[in-house]
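J.: One structure is given below, represented as structure tokens, and several questions about it will come after.
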Amino acid sequence: MHLRRLASLAAFVATLAACSGAPADSGVTVPPSARLQKIAVAYDISGRGDGGFNDIAYNGAKQAADELGIELQEVTARLDDTDDDRAERLRLLASSGHEAIIAVGFTYAEPLKVVAAEFPDVAFAIVDDGTVEAPNVQGILFAEHEGSFLVGAAAGLKSRTNHVGFIGAVQIPLIQKFEAGFTAGAKHAKPGVEVEVTYLSQPPDYSGFGDPPHGREAALGMYDNGVDVIFAAAGGSGAGVHEAAVASNHWSIGVDADEYVLAPEAVRSHILTSMLKNANVGTYAFVRAVADGTFEGGIVTYGLANGGVGYATSGGFVDDIRDELDAFSADIAAGRIAVPETP
Amino acid sequence: MPRLRGAAYLLVAPAAAAMLALGVAAGILAAAGADPIATLRDALAYGLRPETLVAVVNKAIPYYLAGIAAAVGFHLRLFNIGIDGQYRLAAFAAAVIGAAVDLPAPLHLAVIVAVALAVGWGWAAIAGLLLVRRGVNVVISTIMLNAVATGIIAWLLAPDRLGTLAPGSNNVTTPSIPESGWIPAIPTPAGELNGLIVMALLVGLGYSFVLARTTVGFEVRAMGMAQPAAVVAGIRAPRLALLAMAASGAIAGLVGLPQLLGASHRFGLDFPTGLAFTGLSVAILGRNHPLGVAIGAVVWAFLERSAQVLDLAGISKEIVTILQAVIVLSIVVAYELVRRLRVRQERRAVAVAVEGLPA
Amino acid sequence: MTAASMPVSASRRSWVAGPVARVVLGFAVLSLLSGAFEAPDLFSRGGIGATLRFAAPILLAGLGALWAERSGVINLGLEGMMIAGTWFGAWAAIEWGIGPGLIAGIAAGVAFGLLLGVLSVTFGVDHAISGLSLGLLAAGLTRFLSSVTFAVAPGGSITTSPPVPDLANLSLPGIDALLAPAERAGIPILSDAAAVVLGLLTDVSVLTVAVVALVPLSWWLLWRTRLGLRIRAVGEAPEAADSLGVRPWRYRYLALAVSGGLAGLGGVYLVSVASSLYREGQTAGRGFIGLATVIFGNWNPWSVSLGSLIFGFTDALRTRQELTVGVLLAGLGLLLAFVAIRRGLGRDWRGAFLFGVPAVAMLAWFWLVRVVPSELVSFAPHLTTLLVLAFARQRIRPPAALGEPFHRGDSG
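Protein chains in written order, with this note's numbering: chain F, 1 to 343; chain Z, 1001 to 1359; chain S, 2001 to 2412.
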């Protein structure tokens, strides 16, 4: 880092701050941290407002920012971004006074390896990746397979036809973790159950995350062929799966957030449960740790044991099998059940 | 003298477009509740930093290659939408083979580039063959072949086939290419310049040489200007179309190399996609001219880089997208307005000349 | 943009004449195959219903492209017009009901169509760049609008709207009772035929019926009315039309308005019938597929609808039950083998080889593996369209002035 570059950046940042308007006043009770002033979240291409994972990650950061009374900056990636573009995005955030930066998505892994070394005083977190080894980077991973195991078990126990389905958005390892856990859970809870699996699109075509018509027809196809519970790990396309569940009067299972609460009134009666991926727990803990000065680099995995994943009980449709599901959960947390991560 | 005036007109159009685009941009920014002048000044200040300029050039390299690939097809009115599939498949194959072989540096690089060229050439040749043998329009065949390429890459990239999944990672990648297959960056005071810029320059030179100095280039230009006449003159249209498609594909095969050889050294789920449309836009902006495409690529890259500041200033990237559309449109509209102005003036000049002739 | 007069090797008359005969033959072969290899969902009532729902938006985009291209304008803005249709359709439908939603979606498409007219007709901007820029514009605009509407509505977010009201579904009275026994009887070909008829005539959305009706309507308007004649004349020979007093720009604007309206309707279809909410990115390239069906359909509404049905059918297959794609592969392999044998009989050894190799490969794969991996199933609709097109041996002839700007009184 040349001195001249630093100086010009500082000047630039000053003008930037002047034009970006006053920071949002959030009526805080906790006095602003002396150390942490500004934090930032860099999203992958889908960005915030996906009604799912990105929003949950944001919620954690936002909650921490509100409590600390600090400013939260958000930026989003573009489809044709190279590593260089992503690196520049992180660099720009780091050099404009953001001391805690959360990168959402594994596509930031390679850029972060470069940028983290350039800014040793900035704390970084990367969600869904555990490959960046640097003292100032925290990799936040989730045991999606563990949570999926539980909803798989719920599907197996609730299926009358012994035939359950999995609809994934895009066939990438991240979504395949959901599939692996779901299949294992269904077969564990009810040996002999048949599991149908389909994916809506193939990488790098990420349309499967936002294509309700395909989600709906895939689900109708499964229901027509004897499936009676479907786990939709399909982002926005899940709305189509829930619709199909209503149309053919079968169960569907939501993902990431508690979809029973988020979904329109008309489809709630058919959402059996949801697999919760509490990204907010991870991002909140990261920001608080930086503010408290207890931040450490390394990989943190959020699973059933520490409340990072779970299943939703809203609607009360799984009340009759909660004891069994909670027993499975305890077994997984204690290591008595090993859940596979790949199908 | 007329030549000079022509050059002046060529400059008037972009200048007028820039003014128009700036005006619209300021309007949109004001509508979005930002101070337009301060925001634009910041974006410009950021965009003109030496470090950013180096980054802009780096970003423009693949855009330029994609633009030249598109321009090769445009001469024969072939709309190669398949650049996307061609470069992804080529980069994937180059990554796999580059990681599998271990050769001394120059040979290693030659093998990788040859694979990329060959795969892009072959994949585009399918569309070319379908056109000349079966009359299948390249727009439709390349749209479909893009989807096919996506599926094939996804299948081959699976962790149990050619891909690997590192522990703790969610990104499937091919194995890394050994260092003998890397292209070193060119150091500058303001950062590292991607070494593939040399290849981009060579492609540009080759393109302008073939177009201006060879028989094929002459035939291509003749077909582009007056197809019926060219056919009558004995130019074999199908052969030329096949050649242009394959050449377009071969150049498209190089589009992924700056990222592969200069940065990531492997192909993974995070490999950039969607460069094809940028290439088409850049070729149109640059009017298929080797230098014009270069300017188009740099302008496009500059816009996208500067846009990162807008994102940081709390202006959502959707406004940037609107802005991009408006800027492109105002540039082409300005070209057209200047062209009309020029036609009118020339007519007047002709009229004056005709009236001025001695009876 | 199209290599217009690229010579196509001379066509020989096939004894499998006519598209209808080919469709029936293809159906019979696939039906027998599905019976033989126990892939029950190849022709099912639900699958045919899904085919219609997948085909309808593509068909609307295709008809939109047809209107534009017949007048001489390449409409690469269809995707953007569809995006506008999804957003405005969903928004108005949520605010005031599905009727206003339909009107708003169509109107948004028309507005974008007219904007394309301003750019490519009045200003003579390259059709590709004006169309693609409209796509960018629509994507940015709808996102911006979502941020001030759906994002603050209960049950919505910046990318997703609250539920959009649906339209009624229709069934032909009595048809179910008449054909359901045949559908369940398990007789080769006959049961599948019953399932297809039932899929087409029961539980079909009103809007789907309307979309189907737009095909003959488009044909009638374009080929049997003075208006249509003028639009086509402008697409073939704008200078000649102009000299006869038919103002090209006027008819191009009109055709683009219709084109945009159709694409906008396709957007409303996506948010109300194919699903029941607006979701960003929902069009997923359907506008471009629609554009492809026009070239596939040789600028003729009947063939355009065939193209969208083939795409919709294979899309429904691979989405509903991946297993059936294997049977489709076998069917295509048989088709290729058939062509190869005919080439061989005609002593065209090179042709026999070119078609024979993929035929053997596909049939061998089917024989040995049966199941096609889902990564490869994903492009079944695209590959099928491409192969059908490659074998259709049609003489492609786009409108002569397609993509040409028209400047009155100057030749440049």
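For every residue, glycine included, the Cβ atom is placed at its ideal position computed from N, Cα and C. No experiment lies behind these values; they were computed from the predicted model shown.
(1) For residue 159 of chain F, which residues in chain S fall below 8 Å Cβ to Cβ?
(2) Applying the 10 Å Cβ sphere with the 16-neighbour rule, what's the burial state of residue 249 of chain F?
(3) Flag this pair as yes or no: are the beta carbons of residue 159 of chain F and residue 241 of chain F separated by less than 8 Å?
(4) Residues of the stretch 2258-2285 of chain S with a CB closer than 8 Å to any CB of chain F: list them in chain order, please.
(5) Report the partner residues of residue 251 of chain F according to the DSSP bridge assignment.
(6) Leaving out the 5 sequence neighbours to the left and right, which residues in its chain are closer than 6 Å to residue 233 of chain F when beta-carbon positions are compared?
(7) Identify each residue in the stretch 205-219 of chain F for which the Cβ-Cβ distance to at least one residue of chain S is less than 7 Å, and report them in chain order.
(8) Report, in whole angstroms, the separation of the C-beta atoms of residue 2106 of chain S and residue 2265 of chain S, which I expect to be a contact under 8 Å.
(9) What first and last residue would you give for the alpha helix (DSSP H) that runs through residue 145 of chain F?
(10) Taking only the alpha-carbon atoms, compute the straight-line gap between residue 124 of chain F and residue 308 of chain F and give it to the nearest angstrom.
(11) Thinking C-alpha only, which one of S/2121, S/2363, S/2059 is nearest residue 2079 of chain S?
(12) Rounded to whole angstroms, what's the CA-CA distance from residue 209 of chain F to residue 2038 of chain S? Just pull it up for me.
(13) Using a Cβ cut-off of 8 Å, pull out every chain Z residue sitting near residue 106 of chain F, in sequence order please.
(14) Have a look at Z/1247, Z/1296, Z/1281 and flag the residue whose alpha-carbon is nearest the alpha-carbon of residue 1125 of chain Z.
(15) Mind the definition here: the stretch 1269-1278 of chain Z touches the stretch 1076-1086 of chain Z only if three or more C-beta pairs lie below 8 Å; say whether that holds.
(16) Starting from residue 311 of chain F, trace the beta strand (DSSP E) in both directions and tell me its first and last residue.
(17) Please state whether DSSP places residue 1164 of chain Z in a helix, a strand or coil.
(18) Since I believe residue 2287 of chain S is in contact with residue 2070 of chain S (beta carbons under 8 Å), could you give me their beta-carbon distance rounded to a whole number of angstroms?
(19) With 8 Å set as the bound, which would you pick, yes or no: does the beta-carbon of residue 2406 of chain S sit closer than that to a beta-carbon of chain Z?
(20) Looking at the structure shown, is residue 59 of chain F part of a helix, part of a strand, or coil, going by DSSP?
(21) Sort out for me which residues DSSP pairs residue 199 of chain F with in a bridge.
(22) Whole angstroms are fine: how far does the CA of residue 278 of chain F sit from the CA of residue 342 of chain F?
(23) Looking only at its own chain, which residues have a Cβ that is under 7 Å from the Cβ of residue 59 of chain F, when we skip the five neighbours before and after it?
(24) Using the beta-carbon count (16 or more within 10 Å), is residue 2223 of chain S buried or exposed?
(25) Go ahead and label residue 1230 of chain Z buried or exposed: buried means 16 or more other beta carbons lie within 10 angstroms of its beta carbon, across all protein chains shown.
(26) For residue 274 of chain F, which beta-bridge partners are listed by DSSP?
(27) If the criterion is Cβ atoms closer than 8 Å, does the pair residue 1099 of chain Z and residue 1176 of chain Z meet it?
(28) When the cut-off is 8 Å and only beta carbons count, does residue 10 of chain F lie next to chain Z?
(29) Can you give me the C-alpha to C-alpha distance between residue 253 of chain F and residue 164 of chain F, rounded to a whole angstrom?
(30) Would you grab the beta carbon distance between residue 64 of chain F and residue 288 of chain F for me? Rounded to a whole angstrom, and I think it's under 8 Å.
(31) According to a CB-to-CB cut-off of less than 7 Å, which residues of the stretch 2312-2339 of chain S neighbour chain F?
(32) State yes or no: is the C-beta of residue 2272 of chain S within less than 8 Å of the C-beta of residue 2207 of chain S?
(33) Can you tell me whether DSSP reads residue 2226 of chain S as helix, strand or coil?
(34) Report the rounded CA-to-CA distance for residue 311 of chain F versus residue 2252 of chain S, giving the unit in angstroms.
(35) For residue 2180 of chain S, decide whether its Cβ has a neighbour in chain Z, counting only Cβ atoms nearer than 8 Å.
(36) Taking the alpha carbon of residue 1184 of chain Z as the point to measure from, which residue in Z/1195, Z/1178, Z/1220, Z/1191 has its own alpha carbon closest?
T.: Short version:
(1) The count along the first sequence starts at 1 and reaches residue 159 of chain F at position 159. Chain S residues near residue 159 of chain F: none, gap ~18 Å exceeds 8 Å.
(2) To locate residue 249 of chain F, count along the first sequence from 1; it is residue 249. It counts as exposed.
(3) Counted from its first residue, the first sequence places residue 159 of chain F at position 159. Counted from its first residue, the first sequence places residue 241 of chain F at position 241. Not a contact, by the Cβ cut-off of 8 Å.
(4) 2270, 2274, 2275, 2276, 2277, 2279, 2280, 2281, 2282, 2284, 2285
(5) Along the first sequence, read from residue 1 onward, the residue named residue 251 of chain F stands at position 251. According to DSSP, residue 251 of chain F bridges with F/229.
(6) Start at 1 with the first residue of the first sequence, and residue 233 of chain F comes out as number 233. If we look at residue 233 of chain F and ignore the five residues flanking it on each side, its Cβ neighbours are 168, 175, 178, 255.
(7) 207, 210, 211, 212, 213, 214, 216, 217, 218
(8) Numbered from 1 along the third sequence, position 106 holds the residue referred to as residue 2106 of chain S. Numbered from 1 along the third sequence, position 265 holds the residue referred to as residue 2265 of chain S. Confirmed, about 5 Å.
(9) The sequence position of residue 145 of chain F within the first sequence is 145, counting from 1. Counting along the chain, the alpha helix (DSSP H) containing residue 145 of chain F begins and ends at 144-158.
(10) The residue given as residue 124 of chain F occupies position 124 in the first sequence. The residue given as residue 308 of chain F occupies position 308 in the first sequence. The straight-line gap from Cα to Cα measures roughly 19 Å.
(11) Along the third sequence, one-based indexing puts residue 2079 of chain S at 79. Answer by Cα proximity: S/2059.
(12) Position 209 of the first sequence, counted from the start, is the residue given in the question as residue 209 of chain F. Position 38 of the third sequence, counted from the start, is the residue given in the question as residue 2038 of chain S. One C-alpha to the other measures close to 32 Å.
(13) Residue numbering aside, residue 106 of chain F sits at position 106 when the first sequence is read from its first letter. The contacting residues are 1169, 1170, 1171, 1269, 1270.
(14) On the second sequence, position 125 is the one that residue 1125 of chain Z refers to. Ranking the options by Cα distance to residue 1125 of chain Z, first place goes to Z/1247.
(15) yes
(16) Stepping through the first sequence from its first residue, residue 311 of chain F is reached at position 311. Run containing residue 311 of chain F: 309-311, per the beta strand (DSSP E) assignment.
(17) As a position in the second sequence, residue 1164 of chain Z is number 164, starting the count at 1. Note: residue 1164 of chain Z maps to strand in three-state DSSP.
(18) The residue you call residue 2070 of chain S lines up with position 70 of the third sequence. The residue you call residue 2287 of chain S lines up with position 287 of the third sequence. About 17 Å separates the two Cβ atoms, so there is no contact after all.
(19) Counting from one through the third sequence, the residue named residue 2406 of chain S turns up at place 406. No, because no Cβ of chain Z sits closer than 8 Å to the Cβ of residue 2406 of chain S.
(20) Reading the first sequence from its first residue, position 59 is the one you call residue 59 of chain F. Three-state result, residue 59 of chain F: helix.
(21) Translated into the one-based positions of the first sequence, residue 199 of chain F becomes position 199. Paired residues: F/168.
(22) For the purposes of this step, residue 342 of chain F is identified with residue 342 of the first sequence, where counting begins at 1. For the purposes of this step, residue 278 of chain F is identified with residue 278 of the first sequence, where counting begins at 1. Each residue's Cα considered, the two are about 21 Å apart.
(23) Residue mapping note: residue 59 of chain F aligns to position 59 of the first sequence, counting from 1. The residues are 280.
(24) For this step, residue 2223 of chain S is matched to residue 223 along the third sequence. Exposed: under 16 other Cβ atoms inside 10 Å.
(25) Counting from 1 along the second sequence, the entry for residue 1230 of chain Z is found at position 230. Burial call: buried.
(26) Translated into the one-based positions of the first sequence, residue 274 of chain F becomes position 274. According to DSSP, residue 274 of chain F bridges with F/254.
(27) The residue you call residue 1099 of chain Z lines up with position 99 of the second sequence. The residue you call residue 1176 of chain Z lines up with position 176 of the second sequence. Yes, the pair counts as a contact, with Cβ atoms nearer than the cut-off.
(28) Counting from 1 along the first sequence, the entry for residue 10 of chain F is found at position 10. A caution first: residue 10 of chain F carries a pLDDT of 39, below 50, which makes its placement in the model unreliable, though a value can still be read off. False, the Cβ-Cβ gap to chain Z never drops below 8 Å.
(29) Locating residue 253 of chain F in the first sequence gives position 253, where the first residue counts as 1. Locating residue 164 of chain F in the first sequence gives position 164, where the first residue counts as 1. Distance between the alpha carbons of residue 253 of chain F and residue 164 of chain F: 11 Å.
(30) Residue numbering aside, residue 64 of chain F sits at position 64 when the first sequence is read from its first letter. Residue numbering aside, residue 288 of chain F sits at position 288 when the first sequence is read from its first letter. So it is a contact: roughly 5 Å between Cβ atoms.
(31) 2316, 2319, 2320, 2321, 2322
(32) For the purposes of this step, residue 2272 of chain S is identified with residue 272 of the third sequence, where counting begins at 1. For the purposes of this step, residue 2207 of chain S is identified with residue 207 of the third sequence, where counting begins at 1. Yes; because the gap between Cβ atoms is below 8 Å, this pair is in contact.
(33) One-based indexing of the third sequence puts residue 2226 of chain S at position 226. In the structure shown, residue 2226 of chain S sits in a helix (DSSP, three-state: H, G or I).
(34) On the first sequence, residue 311 of chain F is found 311 positions in, with the first residue counted as 1. On the third sequence, residue 2252 of chain S is found 252 positions in, with the first residue counted as 1. Each residue's alpha carbon lies about 57 Å from the other.
(35) Sequence index remark: in the third sequence, residue 2180 of chain S carries index 180 (1-based). No, no contact with chain Z.
(36) Residue 1184 of chain Z sits at position 184 when you count from the first residue of the second sequence. Among Z/1195, Z/1178, Z/1220, Z/1191, the Cα nearest to that of residue 1184 of chain Z is on Z/1195.
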